[in-house]
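**Q** Have a look at the structure that comes next, please.
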Amino acid sequence: MVEELVIRQDENGAIPWRGERWSLADPEIWTALTASIFSVDETGAPVSGEI
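If you're matching positions, the sequence shown starts at 1 in UniProt numbering and goes up one per residue.
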C-alpha cells in the first residue's frame, strides 16, 4: 500500500520548494477490483471479497 503526496502550485501554500510555494492536493485513488496471487507456480489464485 502506498499513499502518494500530490502538491500543486499555490502562492499562499505552506510548502516552499524551488523558489515557489506549494500546497497538498488530493491524490487520485485507484481501487483494485480483482487480483491473482502467484506463490509456487503460474496457475495463480484468484482474490475476491467473497469467502
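C-beta: ideal position from N, C-alpha, C; glycine also.
Check this for me: beta carbons of A25 and I37, under 8 Å apart or not?
**A** No, the Cβ-Cβ distance between A25 and I37 is not below 8 Å.
**Q** Look at the alpha carbon of E20 and the alpha carbon of A14, and state the distance between them as a whole number of angstroms.
**A** Straight-line Cα distance between these residues: approximately 10 Å.
**Q** Round the Cβ separation of E9 and W22 to the nearest angstrom and send it over; I've been treating them as touching at under 8 Å.
**A** The question names Glu, but residue 9 in the sequence shown is Gln. Confirmed, Cβ separation roughly 6 Å.
**Q** In this structure, how does DSSP classify I15 when only helix, strand and coil are distinguished?
**A** I15 falls in the strand class under three-state DSSP.
**Q** Quick one: what does DSSP say W30 is sitting in, helix, strand or coil?
**A** Of the three classes helix, strand and coil, the one that applies to W30 here is coil, per DSSP.
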